[in-house]
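A.B. asks: Would you mind keeping the following structure in view while I ask a few things?
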Amino acid sequence: MSRAFVKDTEDVEGLPDRPISDLPNDVTAEGLSRIEQALAAAEAAQAAAQSAGDREALASARRDFRYWNARRATARVAPEPSDNSVVRFGHTVTIVREDDRRQTFRIVGEDEAEPAHGTISHGSPLARALFGKGVGDVVAIAGGEAEIVEIR
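In terms of the UniProt record's numbering, the sequence shown is residues 1 to 152.
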């Protein structure tokens with residue numbers, strides 16, 4: 001029989017771990033909750049795959065469990081910013097770009113960032129450009145400039 005028709009179990013067993021960032025694992029309270037939900041889901045998927053005898057699903061669930069377990073172990077809940085004078089982790093910031101596009105982003109942890117839904121990672125170039133700046137400051141981003149018009 002050709003090797004093309006034989007399931008190679010080494011590929012299933014040897015799934016590489018998901019990469020973990022070197023940045024501090026700062027999260028919002030909501031971000032910690034999402035990590036805990038993902039960890040519980042990975043644990044449930046692992047149990048289901050074990051029961052079904054699905055080695056591929058089990059390997060994937062175990063990899064996800066290791067990732068979320070590591071992220072939970074290193075998560076640091078950042079306090080809500082109480083001072084809106086300069087941009088910090090957890091702030092919602094509104095900028096106006098050179099072409100008059102107005103955009104609003106909340107700066108959150110890496111695992112909770114969803115730019116399409118208005119959240120960006122604290123490690124993103126945009127967040128790094130905004131940190132420590134105040135309303136009226138102009139920052140260089142994406143080959144252009146933007147002015148900070150609101151911090152909340």
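All residues carry an ideal CB built from backbone N, CA and C; glycine is no exception. Because the structure is a prediction, the values reported are computed rather than measured.
Note down the Cα distance separating Arg55 from Leu15, rounded to an integer number of angstroms.
C.D. replies: Roughly 11 Å separates the two Cα atoms.
A.B. asks: DSSP on Gly109, reduced to helix/strand/coil?
C.D. replies: Coil, per DSSP.
A.B. asks: Per DSSP, what kind of secondary structure is Ala146 in: helix, strand or coil?
C.D. replies: In the structure shown, Ala146 sits in a strand (DSSP, three-state: E or B).
A.B. asks: Excluding the 5 residues flanking Ser85 on each side, which residues of the same chain have their C-beta closer than 7 Å to its C-beta?
C.D. replies: Same-chain partners within the cutoff: Gly134.
A.B. asks: Give the straight-line distance between the Cα atoms of Trp68 and Ala57, rounded to the nearest whole angstrom.
C.D. replies: Each residue's alpha carbon lies about 16 Å from the other.
A.B. asks: Once DSSP output is grouped into helix, strand and coil, what is the label at Arg62?
C.D. replies: Helix at Arg62.
A.B. asks: Measure the alpha-carbon distance for Gly31 versus Glu150 and round it to whole angstroms.
C.D. replies: Going from the Cα of Gly31 to the Cα of Glu150 covers about 23 Å.
A.B. asks: Just how far apart, CA to CA, sit residue 154 and Gln50?
C.D. replies: Within the shown structure, residues of the chain are numbered from 1 to 152, placing residue 154 beyond reach of any answer.
A.B. asks: Would you call Ile20 buried or exposed, if buried means 16 or more other Cβ atoms sit within 10 Å of its Cβ?
C.D. replies: Ile20 is exposed by the Cβ-count criterion.
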